[in-house]
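Trainee: Using this note's numbering, the letters of the sequence shown map in sequence onto residues 4 to 330.
Beta carbons are placed, not taken as given, at the ideal position from N, Cα and C, and that holds for glycine.
Computed from a predicted structure; not experimentally measured.
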Amino acid sequence: MTGPAQQDQIRSALRYDSTVPRAMVHRAAIAEVFLTDSRRTTDQPDTYEVAAQLPRAHIMGENSGTHDFLLLVEVLRQGGVFLAHAYENVGLDESFIFRSLRMQMLDLSAVRTDDRPSRAVVTFTVDPQRKRNGRVQALDFTGSFSIEGKTALRFSGGLAFFTRSVYRALRARRRDALVGSIGVLPTHVAADPASVGRRDPYNVVITQAIGAGDSTLSATVLSDTTHPHLFDHRLDHIPGNLLLEAARQLAAASVSSLHSISATGLQVTSLDATFQEFAELDLHARAVARVEQFRLDESLGTLVVPVVVDIVQQERVVASFRLEVAQ
4 MTGPAQQDQI
14 RSALRYDSTV
24 PRAMVHRAAI
34 AEVFLTDSRR
44 TTDQPDTYEV
54 AAQLPRAHIM
64 GENSGTHDFL
74 LLVEVLRQGG
84 VFLAHAYENV
94 GLDESFIFRS
104 LRMQMLDLSA
114 VRTDDRPSRA
124 VVTFTVDPQR
134 KRNGRVQALD
144 FTGSFSIEGK
154 TALRFSGGLA
164 FFTRSVYRAL
174 RARRRDALVG
184 SIGVLPTHVA
194 ADPASVGRRD
204 PYNVVITQAI
214 GAGDSTLSAT
224 VLSDTTHPHL
234 FDHRLDHIPG
244 NLLLEAARQL
254 AAASVSSLHS
264 ISATGLQVTS
274 LDATFQEFAE
284 LDLHARAVAR
294 VEQFRLDESL
304 GTLVVPVVVD
314 IVQQERVVAS
324 FRLEVAQ
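Given below as structure tokens:
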């Protein structure tokens, strides 16, 4: 096994002076690429160290004093996709989808921003699923996310990869199964930023939350395809990070409404996300949140509120999230 001194040597060997090629993480804008380097560990052939630089400011970060949760998710997404291309021979022309993602914060102080960009090291242990011909069709992963030497969180998840022809067939079957797709949606009014824990109206992705029963609130999901982060490039569906942000915003709005807590500053401390189906851009998407009672997270030493959020289209759940948020 690799000892602490050797691990420090591995980390010091990772470079932070330029990003990896943007095609390797499926990004159009260079500014949206956070990975800078990677290497396979010496003692475990399926374990990799991925370096990332976390910016002090970003359109999603809003200078809140902490690295935005959605940016941490994006680093994990980029890491999984990059490793599949760089080490598992997944073609650059293949499409991918998130199947699942689980995250557990271990140290809230580790995600605080500093007076310079933060250096992160993300450790991935991967488990590729291959077809008989050897092609990787899915990649499961587990690991830890460290920022400036502090372990911020642990995670696990899974990605699926598709050739262009398979992806087109998959999307065609999904579209054929839809009932009464209207193609054009009404223009909804976004929620007040402060009510969903945001400052910039551009980053609000839900309407005002309304009561839908005891401890249950709902809102419409808004998809602004001009958003430079959520829609870095053209997509034929609502991306998973937008659905996750909608779940986070509705969780913040719901906890604020039901427990008289300011939505501003609420942090996600855990996440369990499952993506069951494609979410369509031209169908109404509704987010429904069920808020549970406070509980003590003993590992973090703080009170958290669990919230379960489903994203629903045509009465079918397309994505499910269980989040815990803390002040």
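1) Report yes or no: do the region 287-294 and the region 204-222 share at least 3 C-beta pairs separated by less than 8 Å?
2) How is the alpha helix (DSSP H) around residue 247 delimited, first residue to last?
3) Contact between the region 133-145 and the region 83-101: three or more CB pairs below 8 Å?
4) Check whether the region 255-268 and the region 196-203 are in contact - that is, three or more C-beta pairs closer than 8 Å.
5) Buried or exposed for residue 242, please, with buried defined as at least 16 other CB atoms from any protein chain shown within 10 angstroms of its CB.
6) Which residues in the same chain as residue 324 place their Cβ atom closer than 6 Å to its Cβ, once the five residues preceding and following it in sequence are excluded?
7) Which parts of the region 67-151 are runs of the beta strand (DSSP E), unbroken and 3 residues or longer, counting only runs that do not cross its ends?
8) Below 8 Å, can you find three or more Cβ-Cβ pairs linking the region 245-259 to the region 297-314?
9) If you drop the 5 nearest sequence neighbours on each side, which residues of the same chain put their C-beta closer than 8 Å to that of residue 9?
10) Measure how close the beta-carbons of residue 272 and residue 300 come, nearest whole angstrom, since I'm counting them as under 8 Å.
11) Of the residues 41, 178, 212, which one's Cα is nearest the Cα of residue 192?
12) State whether the region 101-120 contacts the region 51-70, with contact taken as three or more CB pairs (one from each stretch) at a distance under 8 Å.
13) What are the boundary residues of the beta strand (DSSP E) that residue 51 is part of?
14) Using DSSP with H/G/I as helix, E/B as strand and the rest coil, what is residue 198?
15) Express the C-alpha separation of residue 170 and residue 224 in angstroms, rounding to a whole number.
16) Nearer than 7 Å: is that true of the beta carbon of residue 284 relative to any heavy atom of the ligand SAH?
17) Beta strand (DSSP E) containing residue 168: first to last residue?
18) Using 8 Å as the threshold, is the C-beta distance between residue 55 and residue 39 below it?
19) Alpha carbon to alpha carbon, what distance is there between residue 62 and residue 142?
20) Near residue 131, what residues of its chain come up, given a Cβ to Cβ distance below 6 Å and the 5 sequence neighbours on each side ignored?
21) Run through DSSP, which three-state label would residue 309 get?
22) From what residue to what residue does the beta strand (DSSP E) around residue 40 run?
23) Based on Cα-Cα distance, which residue from 282, 302, 264, 49 lies nearest to residue 111?
24) Could you name the residues of the same chain whose beta carbon sits closer than 6 Å to that of residue 326, not counting the 5 residues immediately before and after it, in chain order?
25) Check for me: the beta strand (DSSP E) holding residue 214 runs from which residue to which?
26) If residue 49 sits next to residue 188, beta carbons under 8 Å apart, how far is it from one beta carbon to the other, in whole angstroms?
27) Would you decide whether residue 150 is buried or exposed? Buried here means 16 or more other CB atoms lie within 10 Å of its CB.
28) Leaving out five residues before and five after residue 264 in sequence, what residues of the same chain have Cβ atoms less than 7 Å from its Cβ?
29) With burial defined as no fewer than 16 other Cβ atoms inside 10 Å of the residue's Cβ, what is the status of residue 4: buried or exposed?
30) Just the Cα atoms here: how many angstroms apart are residue 159 and residue 196?
31) Could you tell me if residue 52 is buried or exposed, where buried requires 16 or more neighbouring beta carbons within 10 angstroms of its beta carbon?
32) Can you give the Cα-Cα distance for residue 162 and residue 20, rounded to whole angstroms?
33) Mind checking which residues open and close the beta strand (DSSP E) that includes residue 327?
34) Excluding sequence positions up to five away, which residues of its chain have a Cβ less than 6 Å from the Cβ of residue 177?
Mentor: Judging by the given coordinates:
1) Touching, per the Cβ criterion.
2) For residue 247, the enclosing alpha helix (DSSP H) covers residues 243-262.
3) Taking a contact to require three or more Cβ pairs closer than 8 Å, the region 133-145 and the region 83-101 qualify as touching.
4) Taking a contact to require three or more Cβ pairs closer than 8 Å, the region 255-268 and the region 196-203 qualify as touching.
5) By the 10 Å Cβ count, residue 242 comes out buried.
6) For residue 324, same chain residues with a beta-carbon under 6 Å away, outside a window of 5 residues either side, are 250, 276, 312 in chain order.
7) Complete beta strand (DSSP E) runs here, min 3: 98-108, 121-133, 139-150.
8) Yes: the two stretches touch, three or more of their Cβ pairs being nearer than 8 Å.
9) With a pLDDT of 49 at residue 9, under the threshold of 50, the predicted position of this residue should be treated as unreliable, though the coordinate-derived value follows. Excluding positions up to five away in sequence, the list reads 45.
10) Right, their Cβ atoms sit about 6 Å apart.
11) Nearest option by C-alpha distance: 212.
12) By the Cβ criterion, the region 101-120 is in contact with the region 51-70, since at least three pairs of Cβ atoms, one from each stretch, lie closer than 8 Å.
13) It spans 50-57 - the beta strand (DSSP E) in which residue 51 sits, taken as one unbroken run.
14) Residue state, collapsed to three classes: helix.
15) In a straight line, the C-alpha of residue 224 is about 25 Å away from that of residue 170.
16) Judged by which ligands are present, the structure shown has none, so any question about the ligand SAH falls away.
17) No beta strand (DSSP E) holds residue 168; the alpha helix (DSSP H) holding it covers 167-179.
18) When the beta-carbon positions are compared, residue 55 and residue 39 come within less than 8 Å of each other.
19) The straight-line gap from Cα to Cα measures roughly 29 Å.
20) Taking residue 131 as the centre and dropping the five residues before and after it, the same chain places the C-beta of 91, 139, 142 closer than 6 Å to its C-beta, in chain order.
21) Correct three-state label for residue 309: strand.
22) That run of the beta strand (DSSP E) goes 38-43.
23) Looking at the Cα atoms, 302 is the closest of the given residues.
24) Once the five neighbours on either side are set aside, the close Cβ partners of residue 326 are 254, 271, 274, 310.
25) Run containing residue 214: 213-216, per the beta strand (DSSP E) assignment.
26) That belief does not hold up - the Cβ atoms of residue 49 and residue 188 are roughly 44 Å apart, past 8 Å.
27) Under this definition residue 150 is a buried residue.
28) Cβ neighbours of residue 264 beyond the five flanking positions: 258, 330.
29) Annotation note: pLDDT 44 at residue 4 (below 50); position unreliable, coordinate value reported separately. The residue is exposed, with fewer than 16 neighbouring Cβ atoms inside 10 Å.
30) Approximately 30 Å, taken between the alpha carbons.
31) It is buried - the Cβ of residue 52 has at least 16 other Cβ atoms within 10 Å.
32) When the Cα atoms are used, residue 162 and residue 20 turn out to be separated by approximately 28 Å.
33) Here the beta strand (DSSP E) through residue 327 covers 319-329.
34) These residues qualify, in order along the chain: 281.
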